[in-house]
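Protein chains in written order, with my numbering: chain A, 1 to 393; chain B, 1001 to 1393.
Worksheet for the structure shown next.
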């Protein structure tokens, strides 16, 4: 596959990968079994647990983050199981489709796109529907640029003894997520966003409470590949030679992931989270100072994805085209309800960096002005630089 | 992930990957959507169809070949569906587990390990059980080194209007498989054997007959990720921007796959199949001439995996250890019923090559002799070289 041109990925995923991680994939293929592999696998799982801030069981599912989402749904949704599904963005509907595909009964709670999930609505819905057993939540809503208050929602789920499936696809590794402390029963992400690895792995943790729930089901967990009980059975039976589960492991992606994990842990999680906060803050400040309206209130704005409203009278597609053609920077449109109206910038992992933020900010303003706007570049950059200047990082 | 040592993979998978394909993965990550991606995806699918010798729909499932196996089972196995499951080797039991996990009723036919599936047993079983709707078949049995007569079995399935799920995991791209001409309804493999790519993709074709079967089911296909109807729905709906299905595509593995496909098509399928025949023949001739007993009769012996019986009084593990330590060549033990008694050599794609065959043959004899055997190296090499010499290739 020849890459005809490479645009730098300031999109909500996949994101840029460090050259060292890319090169790790070019190593000769190794077998996914035997003593060496057992060592490699445990090493990577241990590092993953640090990033997930968890002592729960961790699995690497060959596939996408959707595979991990579905394995969680399949684990705890039986025919008729009532599931609270929050609908605050595009991929929430994926959870809905998955729950329905396992004949779960969806209890939806809808929010305006750009608004977070309101914990009090979760509380009142669970209170009014005591038969709800499971909730799905997207922590960081890629389609809107909102970060949901997962900690508070998890607390409420615990009060109501509800299993929480929390999708952290675009936040894990970039935003502080305390899987165990918060009580996220299933917590999953892909490897291609803040985990800064080329896509192909679903990373997921499973709590003790979730295991008990699975063991106490009335009907068996469906299927084989996306079945955690089956996965655990093989992991245990084959622990001494094939410890990751029953299927072939995508070893090249593991290799890249380990490099990425090493870099993340060397940076230190706390530093990393602060970096994401700061760069997001600078971008928001810059856009705002230029006269561009942000789509999300600062209180809920994601630190890995920034969304803004396309200035009046300008075609968002043309903004993106100019950025690609003249800056080689790719930003993203928005889906569904907000298509055409909102643009999205990803700044995750590698691209949560001053150089990328400043280049993207400048490019956006340049493109808007080229299309007829009169945005103030100087003010924008000044505001962004002030943010950096006044930071202690 | 640091590779502590690299042993050349003469195992039944994963297998060696060409440096060009490895390096293709080190390219910057590209997005799995948009015009460029639509072009790349169709290009790869078209090349895959050539290797599969099919006009059927082709899917690339992010995950392992087991994901593709399960998607096929899930597509056509409803609760109570009777499924003929041939049990002639280790991974046949995976199909059995999968069918059972979808509440299918397994009608097993067992064969001695090392023996092929006998078409007349398939015929008589289908004849005696007219309610059987589906059959699972492993074309090339990795655990035993047998190639099953898929063409004849497919013919019988057609006569009885049975859907055939044919696993070609360790043969596709190395052994001539005429998906359409033979009538394989689902034909799947991983990308890590004769397809000579680092693992992580399930490649699978779906026949028109299989689609009709899915559409006429009484109960819906289960789940979302491994659900071909769902996959097809998204492929169609999103064809102009996200054509491969609803989830993130492992673009780096696609890149390696395309390089591998290009090399396969440049070589020419017919040349490629002949190469696999010749190298397998040379290895078998050499082992036999050395005085080592082959596990499988020449009539059914696989051209991608050769199995032989560990010489009396010698520990197979020690043979493997010497090969690894002194030759840096990794061969494999055998599972389950034949563990300890049989060793397996993979020669797929890249390693179906004279140099690898001769080095491995020599190494095996060296190891056996070091452990006390008195095998004739000269005769072995002479027999292998005679095979090459008398070939027209």
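In this text, a Cβ means the ideal position worked out from N, Cα and C, and glycines have one as well.
Taken atom to atom, the span from the alpha-carbon of residue 1239 of chain B to that of residue 57 of chain A is near 37 Å. In this structure, residue 1300 of chain B lies near residue 1116 of chain B, with their beta-carbon atoms less than 9 Å apart. Collapsing the DSSP output to three states places residue 1352 of chain B in coil.
DSSP, read as helix, strand or coil, puts residue 1113 of chain B in strand. Secondary structure note for residue 1099 of chain B: its alpha helix (DSSP H) is the uninterrupted segment 1092-1101. If only uninterrupted beta strand (DSSP E) runs of at least 3 residues are considered, those enclosed by the stretch 1126-1177 of chain B are 1132-1138 and 1163-1167.
Secondary structure at residue 1076 of chain B: helix, using DSSP grouped into helix, strand and coil.
Sequence-distant Cβ neighbours of residue 207 of chain A in its own chain, meaning closer than 6 Å and more than five residues away, are 56 and 185. DSSP places residue 1030 of chain B in the coil class of the three-state scheme, outside both helix and strand. Nearest C-alpha to residue 1386 of chain B among B:1282, B:1205 and B:1050: B:1282. Spanning the alpha carbons of residue 232 of chain A and residue 1098 of chain B requires a straight line of approximately 16 Å. Short of 6 Å from the beta carbon of residue 1096 of chain B, and not among the five residues preceding or following it, lie these beta carbons of its own chain, in chain order: 1085 and 1106.
Residue 212 of chain A sits exposed, since fewer than 16 C-beta atoms from the chains shown fall within 10 Å of its C-beta. Within chain A, the residues placing a beta-carbon under 7 Å from that of residue 1224 of chain B are 70, 97, 98 and 101, ordered along the chain. Chain B has a Cβ within less than 9 Å of the Cβ of residue 330 of chain A.
Residue 343 of chain A is positioned such that its CB atom lies closer than 9 Å to that of residue 310 of chain A. Under the criterion of beta carbons closer than 8 Å, residue 1140 of chain B and residue 1163 of chain B do not qualify as touching, at roughly 20 Å. In the three-state reduction of the DSSP assignment, residue 301 of chain A falls in the strand class, which pools E and B. The beta carbon of residue 1136 of chain B sits closer than 6 Å to those of 1085, 1095 and 1165, all from its chain and outside the five residues before and after it, given in chain order. Here the C-alpha atom of residue 245 of chain A lies approximately 30 Å from the C-alpha atom of residue 1243 of chain B. Three or more beta-carbon pairs separated by less than 8 Å are not found between the stretch 1374-1386 of chain B and the stretch 1147-1157 of chain B, which leaves the two stretches without contact. Around the beta-carbon of residue 1237 of chain B, fewer than 16 other beta-carbon atoms lie within 10 Å, marking it exposed.
At a cut-off of 9 Å, the C-beta of residue 1313 of chain B has no neighbouring C-beta in chain A.
One alpha carbon belongs to residue 19 of chain A, the other to residue 34 of chain A, and they sit about 29 Å apart.
The stretch 32-73 of chain A contains, as complete alpha helix (DSSP H) runs of 4+ residues, the segments 35-52 (chain order). A residue is called buried once 16 or more other Cβ atoms fall within 10 Å of its Cβ, and residue 227 of chain A is buried on that count.
Counting the other CB atoms within 10 Å of its CB gives residue 1389 of chain B a total below 16, which places it among the exposed residues.
The way I'd put it, the stretch 1252-1271 of chain B doesn't touch the stretch 261-280 of chain A; fewer than three beta-carbon pairs between them come closer than 8 Å.
Residue-level contact by beta carbon holds for residue 16 of chain A and chain B, with a gap shorter than 9 Å.
DSSP places residue 1008 of chain B within a strand segment (E or B) once states are collapsed to three.
Residue 1314 of chain B sits in coil when the DSSP states are folded into three classes, being neither helix nor strand. Residue-level contact check: residue 1139 of chain B does not touch chain A, since none of the beta carbons of chain A fall below 9 Å from its beta carbon.
With contacts defined as CB atoms closer than 9 Å, residue 252 of chain A and residue 25 of chain A qualify as a contacting pair. For residue 1019 of chain B, the nearest beta carbon of chain A is closer than 9 Å to its own beta carbon. Any Cβ of chain B closer than 9 Å to the Cβ of residue 264 of chain A would place that residue at the interface, and such an atom is absent. According to DSSP, residue 1308 of chain B shares a beta bridge with B:1294 and B:1343.
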